[in-house]
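*Asks:* Could you have a look at this structure, given as structure tokens, before my questions?
Protein chains: 2
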Amino acid sequence: MRLSRYFLPVMKETPADAQIISHKLMLRAGMIRQTAAGIYAWLPLGLRVLRRIENIIREEQARAGSLELLMPTLQTADLWRESGRYDAYGPEMLRIKDRHNRELLYGPTNEEMITALIRDNLQSYRDMPRIFYHIQWKFRDEVRPRFGVMRGREFLMKDAYSFDIDEAAGRHNYNRMFVAYLNSFARLGLRAIPMQADTGPIGGDLSHEFIVLAPNGESDVFYHSNWEQPGRHIEADFDDPKALQSIVNDHIADYAATDEKRDPLREAQAGEKLCQSRGIEVGHIFFFGTKYSKPMGFTLPGPDGKPIPIQMGSYGIGISRLLGAIIEASHDDNGIIWPEAVAPYHVGLINLRVDDENCQAIADTLYKRLEAAGVDTLYDDRNERGGAKFATMDLIGLPWQVVIGPKGAAKGVVELKNRASGKKQTLTIEEAFNLLKTGH
Amino acid sequence: MRLSRYFLPVMKETPADAQIISHKLMLRAGMIRQTAAGIYAWLPLGLRVLRRIENIIREEQARAGSLELLMPTLQTADLWRESGRYDAYGPEMLRIKDRHNRELLYGPTNEEMITALIRDNLQSYRDMPRIFYHIQWKFRDEVRPRFGVMRGREFLMKDAYSFDIDEAAGRHNYNRMFVAYLNSFARLGLRAIPMQADTGPIGGDLSHEFIVLAPNGESDVFYHSNWEQPGRHIEADFDDPKALQSIVNDHIADYAATDEKRDPLREAQAGEKLCQSRGIEVGHIFFFGTKYSKPMGFTLPGPDGKPIPIQMGSYGIGISRLLGAIIEASHDDNGIIWPEAVAPYHVGLINLRVDDENCQAIADTLYKRLEAAGVDTLYDDRNERGGAKFATMDLIGLPWQVVIGPKGAAKGVVELKNRASGKKQTLTIEEAFNLLKTGH
Numbered sequence: 001m002r003l004s005r006y007f008l009p010v011m012k013e014t015p016a017d018a019q020i021i022s023h024k025l026m027l028r029a030g031m032i033r034q035t036a037a038g039i040y041a042w043l044p045l046g047l048r049v050l051r052r053i054e055n056i057i058r059e060e061q062a063r064a065g066s067l068e069l070l071m072p073t074l075q076t077a078d079l080w081r082e083s084g085r086y087d088a089y090g091p092e093m094l095r096i097k098d099r100h101n102r103e104l105l106y107g108p109t110n111e112e113m114i115t116a117l118i119r120d121n122l123q124s125y126r127d128m129p130r131i132f133y134h135i136q137w138k139f140r141d142e143v144r145p146r147f148g149v150m151r152g153r154e155f156l157m158k159d160a161y162s163f164d165i166d167e168a169a170g171r172h173n174y175n176r177m178f179v180a181y182l183n184s185f186a187r188l189g190l191r192a193i194p195m196q197a198d199t200g201p202i203g204g205d206l207s208h209e210f211i212v213l214a215p216n217g218e219s220d221v222f223y224h225s226n227w228e229q230p231g232r233h234i235e236a237d238f239d240d241p242k243a244l245q246s247i248v249n250d251h252i253a254d255y256a257a258t259d260e261k262r263d264p265l266r267e268a269q270a271g272e273k274l275c276q277s278r279g280i281e282v283g284h285i286f287f288f289g290t291k292y293s294k295p296m297g298f299t300l301p302g303p304d305g306k307p308i309p310i311q312m313g314s315y316g317i318g319i320s321r322l323l324g325a326i327i328e329a330s331h332d333d334n335g336i337i338w339p340e341a342v343a344p345y346h347v348g349l350i351n352l353r354v355d356d357e358n359c360q361a362i363a364d365t366l367y368k369r370l371e372a373a374g375v376d377t378l379y380d381d382r383n384e385r386g387g388a389k390f391a392t393m394d395l396i397g398l399p400w401q402v403v404i405g406p407k408g409a410a411k412g413v414v415e416l417k418n419r420a421s422g423k424k425q426t427l428t429i430e431e432a433f434n435l436l437k438t439g440h
Numbered sequence: 441m442r443l444s445r446y447f448l449p450v451m452k453e454t455p456a457d458a459q460i461i462s463h464k465l466m467l468r469a470g471m472i473r474q475t476a477a478g479i480y481a482w483l484p485l486g487l488r489v490l491r492r493i494e495n496i497i498r499e500e501q502a503r504a505g506s507l508e509l510l511m512p513t514l515q516t517a518d519l520w521r522e523s524g525r526y527d528a529y530g531p532e533m534l535r536i537k538d539r540h541n542r543e544l545l546y547g548p549t550n551e552e553m554i555t556a557l558i559r560d561n562l563q564s565y566r567d568m569p570r571i572f573y574h575i576q577w578k579f580r581d582e583v584r585p586r587f588g589v590m591r592g593r594e595f596l597m598k599d600a601y602s603f604d605i606d607e608a609a610g611r612h613n614y615n616r617m618f619v620a621y622l623n624s625f626a627r628l629g630l631r632a633i634p635m636q637a638d639t640g641p642i643g644g645d646l647s648h649e650f651i652v653l654a655p656n657g658e659s660d661v662f663y664h665s666n667w668e669q670p671g672r673h674i675e676a677d678f679d680d681p682k683a684l685q686s687i688v689n690d691h692i693a694d695y696a697a698t699d700e701k702r703d704p705l706r707e708a709q710a711g712e713k714l715c716q717s718r719g720i721e722v723g724h725i726f727f728f729g730t731k732y733s734k735p736m737g738f739t740l741p742g743p744d745g746k747p748i749p750i751q752m753g754s755y756g757i758g759i760s761r762l763l764g765a766i767i768e769a770s771h772d773d774n775g776i777i778w779p780e781a782v783a784p785y786h787v788g789l790i791n792l793r794v795d796d797e798n799c800q801a802i803a804d805t806l807y808k809r810l811e812a813a814g815v816d817t818l819y820d821d822r823n824e825r826g827g828a829k830f831a832t833m834d835l836i837g838l839p840w841q842v843v844i845g846p847k848g849a850a851k852g853v854v855e856l857k858n859r860a861s862g863k864k865q866t867l868t869i870e871e872a873f874n875l876l877k878t879g880h
């Protein structure tokens, strides 16, 4: 993409209304703009990151056997009356009346809707086990929306729901999502630590939060220092309950707890390896058995024809919030440092002198070759000062920068900079192309 | 995808509440389910088609120089008061109050929001020309929602907006979208005819509707028989105003008009070649100059520093509605016939006898090879009668069916059926694989 044709309204000044670094940087880098309290428009650069994250989550859901569908944003109040949550939910639920005075609401979550949908469309216990997910905009009417996309009102969530005929199968599906979450966050370049959690308005007695360590996090967390090693993508057989349980056990062996769930005995065991930090919740999973299926009458005939109440769980990842969490965990004084997997572009190509024919020819050719090779490139072809171009590229945090200036161009070399390490190399055009194409 | 693990709740009976064929078929094929009046959940098969259509539209928008961003579903009433449309819009607008009693609305369209967003983030006439689009859920509170996704309340729309410093540039951007629409619909396998249109609540004096011929269409249309030839994808230079105007001229040369815009003189000229049909609107484009920029104060300093009021247009495609339109235009008594470009899967693979080892081995191997070759395959591996399997495959309308039965399996052959032509061939497994892989 040529920057002269792009829409990247970067800001030099830090916006006054932004308190935390991810909010500041997303505004400054031209990724989002607020359109109402806690409601944001996603500009092209922000949208690209959002889509990259979505796709990673999608791939890991599919790998774990979760099927994608898409439920609408608006729901009927009657549906929530079936479960008894309509009156219980409180003022965070945005309640709406349509032109015929029928009560609707903007879905904050979808347990009721998916329960009704699956209940009305499956026939037999043989249709289990099941996991469905969707990626859809949600609304929670926060009393004080703040921190940009970290605590917005309209936000993008991946929510999955599992359906099983008994508790053991239900726990296997829970473990499928547990491991899918470990893998999703590892691929996003995040160390997300699973911690036992309270279940709140969702319900149930088994629940984990996945929490990313970050100085600006919303809650205090306590953990064994083993958790500071980076996460890895795990090759799991999702159809093998034992193997999956063993992966889960490995990942709850080392102590980690939020403030509400601290365990003095285990903290004493950790001794000097006990660490403390702030954390950001990026995922939350629940197993709640028959909490929704019972009031909503979702049973399926078992092998003997008798109705079996369905065991359920739900599994959420705040996708729009993840952008904030990733930036909180990965930035420096100059701006964002995107992990490769979610970077909006792989390469930022800077032509320092658009009035120099040699620079122009080299930059144009390299840009075309990179694009043809499938390397996403943002090409700063504008007639701007070098300083502004460098600052913009550092701010938006693409993994690689290629700088083409008149001196180098005369010698047929370019400068390559790695955004994360800051390391610079002078390379021939061919060397730079090959490195960017292969990633090393 | 193995059907045993999929979620495809097909229905044998025609649902009583569906009046038109596309609505009936989308319900019967397990693509959608209604969750409230005019509001639908998209089941996995329906969602795949929705995404295919989205991606074609996206590619054609990018080709025409239109940049993707994403605006939220909810907007503030104040924004619509700036343009004067808040009170004028009527009961189709879903008006909402949040917990602080602030007035919001569920966006039915985004002229105001994009005007404010671009106004606040561009500095100079040199930032023109621009086209932005987004693909987002909209809500129009239809008094009588019906015809499934054809006239729903919550629907998915691609809406684009152009910004220019003078009318000539504005018309060039209008032509960009005109040609992008011709190309989008051609790739979707639709013959969409551009017709002069009234501008209604959007405003302006230049507008075209793109209308697909279908017996169940909502309006009467009159057209020259030349329009019955299929549309082709046009290789256009979108930066060449003259070339683009000439393509547009070619596509308004042959007569076509809705009931409200009939021209007796041109109809007389068409003579015996004048045809009449019903039509479905699938796209609508508008050029409305300064209708929004003026009241909302969007000017940019020109070369002499004087403020130039910005010329705008807007360009909509009803993406969820397109599924209905495609089915109306492409089905038979047995079900849907998907055009290749939007089919949810390319191949339906039927194993007629899951208890026959030979059939099982051939079907499993062919399925794995097709998947490995990137050919999207829906594999009916269920223990069901052949008749039910054939009926399901015809109903869901994948372009190709491969049938593996015990007699053929013994001889190493399979039956290949083309859904559109109904033509059947007996082929060796290798021949079938090669044909499906290359598409011919």
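Residue numbers (our numbering), protein chains in the order written: chain Y, 1 to 440; chain W, 441 to 880. Idealized CB from N, CA, C, for every residue including glycine.
Please name the residues in the segment 377-409 of chain Y whose beta-carbon is closer than 9 Å to at least one beta-carbon of chain W, in chain order.
*Replies:* Of all residues in the segment 377-409 of chain Y, none has a C-beta nearer than 9 Å to a C-beta of chain W.
*Asks:* Compute the Euclidean distance between the alpha carbons of Thr475 of chain W and Leu244 of chain Y, then round it to the nearest angstrom.
*Replies:* Along the second sequence, read from residue 1 onward, the residue named residue 475 of chain W stands at position 35. Along the first sequence, read from residue 1 onward, the residue named residue 244 of chain Y stands at position 244. Thr475 of chain W and Leu244 of chain Y: Cα-Cα distance of roughly 35 Å.
*Asks:* Would you kindly check if the distance between the Cβ of His284 of chain Y and the Cβ of Ala197 of chain Y is under 8 Å?
*Replies:* Working through the first sequence from its first residue, we reach residue 197 of chain Y at position 197. Working through the first sequence from its first residue, we reach residue 284 of chain Y at position 284. Cβ distance < 8 Å, so Ala197 of chain Y and His284 of chain Y count as in contact.
*Asks:* Mind checking whether Glu415 of chain Y and Thr426 of chain Y have CB atoms under 8 Å apart?
*Replies:* Residue mapping note: residue 415 of chain Y aligns to position 415 of the first sequence, counting from 1. Residue mapping note: residue 426 of chain Y aligns to position 426 of the first sequence, counting from 1. In contact: Glu415 of chain Y and Thr426 of chain Y (Cβ atoms closer than 8 Å).
*Asks:* Return no unless some Cβ of chain Y is closer than 8 Å to the Cβ of Thr454 of chain W.
*Replies:* Locating residue 454 of chain W in the second sequence gives position 14, where the first residue counts as 1. So no, Thr454 of chain W is outside the interface.
*Asks:* Locate the alpha helix (DSSP H) running through Trp227 of chain Y, then write down its first and last residues.
*Replies:* Locating residue 227 of chain Y in the first sequence gives position 227, counting from the first residue. Taken as a continuous stretch (DSSP letters only), Trp227 of chain Y belongs to no alpha helix (DSSP H), as it is neither H nor E.
*Asks:* In the DSSP output, which residue or residues are listed as bridge partners for Lys713 of chain W?
*Replies:* Here residue 713 of chain W refers to the residue found at position 273 when the second sequence is read from its first residue. None, per the DSSP bridge assignment.
*Asks:* Does chain W have any CB closer than 8 Å to the CB of Leu105 of chain Y?
*Replies:* Along the first sequence, one-based indexing puts residue 105 of chain Y at 105. Using a CB distance cut-off of 8 Å, Leu105 of chain Y does not count as an interface residue toward chain W.
*Asks:* Cβ atoms of Val221 of chain Y and Arg191 of chain Y: under 8 Å apart, would you say?
*Replies:* Within the first sequence, the letter at position 191 stands for residue 191 of chain Y. Within the first sequence, the letter at position 221 stands for residue 221 of chain Y. No. Outside cutoff.
*Asks:* Over the uninterrupted alpha helix (DSSP H) stretch that includes Tyr819 of chain W, give me the two end residues.
*Replies:* Here residue 819 of chain W refers to the residue found at position 379 of the second sequence. From DSSP, Tyr819 of chain W is part of no alpha helix (DSSP H) but of the beta strand (DSSP E) over 817-820.
*Asks:* Would you mind telling me which residues of chain Y sit closer than 9 Å to Glu551 of chain W, beta carbon to beta carbon, in chain order?
*Replies:* Here residue 551 of chain W refers to the residue found at position 111 of the second sequence. Under the 9 Å cutoff, chain Y gives no residues; its nearest Cβ is about 14 Å from Glu551 of chain W.
*Asks:* What does the Cβ neighbour count give for Ala697 of chain W, buried or exposed, with the cut at 16 atoms within 10 Å?
*Replies:* Locating residue 697 of chain W in the second sequence gives position 257, where the first residue counts as 1. Burial is judged here by how many other beta carbons sit within 10 angstroms of a residue's own beta carbon; Ala697 of chain W has at least 16 and is buried.
*Asks:* Look up Gly283 of chain Y in the DSSP assignment and give the residues it is bridged to.
*Replies:* If you number the first sequence from 1, residue 283 of chain Y lands on position 283. DSSP lists Y:Phe210, Y:Ile317 as partners of Gly283 of chain Y.
*Asks:* Quick one: residues in its chain with C-beta nearer than 7 Å to the C-beta of Arg672 of chain W, no 5 flanking neighbours on either side, listed in chain order?
*Replies:* Residue numbering aside, residue 672 of chain W sits at position 232 when the second sequence is read from its first letter. Excluding positions up to five away in sequence, the list reads Ala626.
*Asks:* Taking Asp164 of chain Y as part of the beta strand (DSSP E), name the residues at either end of that continuous run.
*Replies:* If you number the first sequence from 1, residue 164 of chain Y lands on position 164. 154-164 is the extent of the beta strand (DSSP E) around Asp164 of chain Y.
*Asks:* For a test of the three-state rule: what should DSSP assign to Ser564 of chain W, helix, strand or coil?
*Replies:* Here residue 564 of chain W refers to the residue found at position 124 of the second sequence. It is coil, neither helix nor strand.
*Asks:* Report yes or no: is there a C-beta of chain Y within less than 8 Å of the C-beta of Val583 of chain W?
*Replies:* Numbered from 1 along the second sequence, position 143 holds the residue referred to as residue 583 of chain W. Judged by the 8 Å Cβ criterion, Val583 of chain W is in contact with chain Y.
*Asks:* Starting from Arg130 of chain Y, follow its DSSP beta bridges and name the residues at the other end.
*Replies:* In the first sequence, counting from the first residue as 1, residue 130 of chain Y sits at position 130. According to DSSP, Arg130 of chain Y bridges with Y:Phe163.
*Asks:* Are Leu465 of chain W and His771 of chain W close, meaning C-beta to C-beta below 8 Å?
*Replies:* Here the question's residue 465 of chain W lines up with position 25 in the second sequence. Here the question's residue 771 of chain W lines up with position 331 in the second sequence. Contact flag set, yes.
*Asks:* Val402 of chain Y and Pro383 of chain Y - do their beta-carbons sit closer together than 8 Å?
*Replies:* In the first sequence, counting from the first residue as 1, residue 383 of chain Y sits at position 383. In the first sequence, counting from the first residue as 1, residue 402 of chain Y sits at position 402. Looking at the sequence itself, residue 383 of chain Y is Asn, so the reference to Pro does not match. Cβ distance not < 8 Å, so Asn383 of chain Y and Val402 of chain Y don't count as in contact.
*Asks:* So with Cβ pairs under 8 Å, would you call Ile575 of chain W a contact of chain Y?
*Replies:* For the purposes of this step, residue 575 of chain W is taken as the residue at position 135 of the second sequence. Not an interface residue.
*Asks:* Check this for me: beta carbons of Tyr695 of chain W and His648 of chain W, under 8 Å apart or not?
*Replies:* Taking the first residue of the second sequence as 1, we reach residue 695 of chain W at position 255. Taking the first residue of the second sequence as 1, we reach residue 648 of chain W at position 208. The answer is no: Cβ separation not under 8 Å.
*Asks:* I want to see whether chain W comes within less than 8 Å of Asp87 of chain Y, judged by CB atoms only; does it?
*Replies:* For the purposes of this step, residue 87 of chain Y is identified with residue 87 of the first sequence, where counting begins at 1. Judged by the 8 Å Cβ criterion, Asp87 of chain Y is not in contact with chain W.
*Asks:* According to DSSP, is Ala41 of chain Y helix, strand or coil?
*Replies:* Start at 1 with the first residue of the first sequence, and residue 41 of chain Y comes out as number 41. Three-state DSSP puts Ala41 of chain Y in a strand.
*Asks:* List the residues of chain Y whose Cβ lies closer than 7 Å to the Cβ of Ile750 of chain W, in chain order.
*Replies:* Taking the first residue of the second sequence as position 1, residue 750 of chain W is located at position 310. Residues of chain Y passing the Cβ test: none, with the nearest at roughly 15 Å.
*Asks:* Mark Thr817 of chain W as exposed unless 16 or more other C-beta atoms lie within 10 angstroms of its C-beta, in which case mark it buried.
*Replies:* Numbered from 1 along the second sequence, position 377 holds the residue referred to as residue 817 of chain W. Burial call: buried.
*Asks:* Determine whether the Cβ of Thr516 of chain W lies closer than 8 Å to any Cβ atom of chain Y.
*Replies:* Locating residue 516 of chain W in the second sequence gives position 76, where the first residue counts as 1. So yes, Thr516 of chain W belongs to the interface.
*Asks:* If you draw a straight line from the alpha carbon of Ala769 of chain W to that of Ile493 of chain W, how long is it in whole angstroms?
*Replies:* Walking along the second sequence from the start, residue 769 of chain W turns up at place 329. Walking along the second sequence from the start, residue 493 of chain W turns up at place 53. Whole-angstrom Cα-Cα distance: 15 Å.
*Asks:* List the residues of chain W that Asp98 of chain Y touches, going by C-beta distances under 7 Å, in chain order.
*Replies:* Here the question's residue 98 of chain Y lines up with position 98 in the first sequence. Near Asp98 of chain Y (Cβ distances below 7 Å), the residues of chain W are Leu534, Asp581.
*Asks:* Output the boundary residues of the beta strand (DSSP E) element that contains Leu69 of chain Y.
*Replies:* Here residue 69 of chain Y is taken as the residue at index 69 of the first sequence, counted from 1. That residue, Leu69 of chain Y, is in no beta strand (DSSP E); it is neither H nor E in DSSP.
*Asks:* Three-state secondary structure (DSSP) at Thr199 of chain Y?
*Replies:* On the first sequence, residue 199 of chain Y is found 199 positions in, with the first residue counted as 1. Note: Thr199 of chain Y maps to coil in three-state DSSP.
*Asks:* Ser421 of chain Y: which of Y:Asp259, Y:Leu398, Y:Ser219, Y:Gly324 sits nearest, CA to CA?
*Replies:* For the purposes of this step, residue 421 of chain Y is taken as residue 421 along the first sequence, with counting starting at 1. Comparing alpha-carbon positions, the option among Y:Asp259, Y:Leu398, Y:Ser219, Y:Gly324 lying closest to Ser421 of chain Y turns out to be Y:Leu398.
*Asks:* Below 6 Å CB to CB, which residues in the same chain sit around Gly742 of chain W once its five sequence neighbours on both sides are set aside?
*Replies:* The count along the second sequence starts at 1 and reaches residue 742 of chain W at position 302. Correct list, in chain order: Tyr565, Ile748.
*Asks:* Cβ of Ala803 of chain W less than 8 Å from any chain Y Cβ?
*Replies:* Mapped onto the second sequence, residue 803 of chain W falls at position 363. No, Ala803 of chain W lies away from the interface with chain Y (no Cβ there is under 8 Å from its Cβ).
*Asks:* So for Met533 of chain W, helix, strand or coil by DSSP?
*Replies:* Counting from one through the second sequence, the residue named residue 533 of chain W turns up at place 93. Assignment of Met533 of chain W by DSSP, reduced to helix, strand and coil, places it in the coil class.
*Asks:* Mind checking whether Lys423 of chain Y and Val375 of chain Y have CB atoms under 8 Å apart?
*Replies:* To locate residue 423 of chain Y, count along the first sequence from 1; it is residue 423. To locate residue 375 of chain Y, count along the first sequence from 1; it is residue 375. Not a contact, by the Cβ cut-off of 8 Å.
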